[in-house]
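J.: Every letter in the sequence shown is one number past the one before it in the numbering used here, and letter 19, counting from 1, is 19. Would you mind keeping the following structure in view while I ask a few things?
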Amino acid sequence: MKVKVHVREKTFVVTCGDGEQKAEWLAHVGIVRYDDKTKINVGAPLGLRSEAGDAVPLQARIRDLFGADSEVWVVLKEDVTENLGATLPET
């Protein structure tokens, strides 16, 4: 089973075997690959979003959440900060 993991502007294909790992593992693999490729430390992942934009339960098994060739997006601290800033009323 393979899942495409998006971190910022990069996409990584992660081989997950039979998908026994937790979704949290997938987020961490994406971060490690991003850090290694870009030499930029983006910090720990805060979560994952599915193709539909829904939050992914990090403690669930990959095979219970995704099919082969699914795509997920890693949520970083900066993503949450940017979204909060966009929703704050102007003063």
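C-beta atoms are modelled at their ideal positions from N, C-alpha and C, and glycine is treated no differently.
Among W73, A23, S70 and K77, which one has its Cα closest to the Cα of A44?
T.: Of the candidates W73, A23, S70 and K77, the one whose C-alpha sits nearest the C-alpha of A44 is K77.
J.: Give the straight-line distance between the Cα atoms of R8 and V74, rounded to the nearest whole angstrom.
T.: Distance between the alpha carbons of R8 and V74: 8 Å.
J.: I'd like to confirm something about D35: is its beta-carbon nearer than 7 Å to some heavy atom of the ligand FAD, or not?
T.: Looking at this structure, you won't find the ligand FAD or any other ligand, since it has none at all.
J.: Going by the DSSP bridge assignment, what does E71 pair with across the sheet?
T.: Partner(s): K4.
J.: What is the DSSP secondary structure of V29, reduced to helix, strand or coil?
T.: If DSSP states are grouped into helix, strand and coil, V29 belongs with the helices.
J.: Report buried or exposed for V29, applying the criterion of at least 16 other Cβ atoms within 10 angstroms of its Cβ.
T.: Looking at its Cβ environment, which holds 16 or more other Cβ atoms inside 10 Å, V29 is buried.
J.: Pick out whichever of E24, F12, V80 and G47 has its Cα sitting closest to the Cα of R63.
T.: Checking every option, the nearest Cα to that of R63 belongs to E24.
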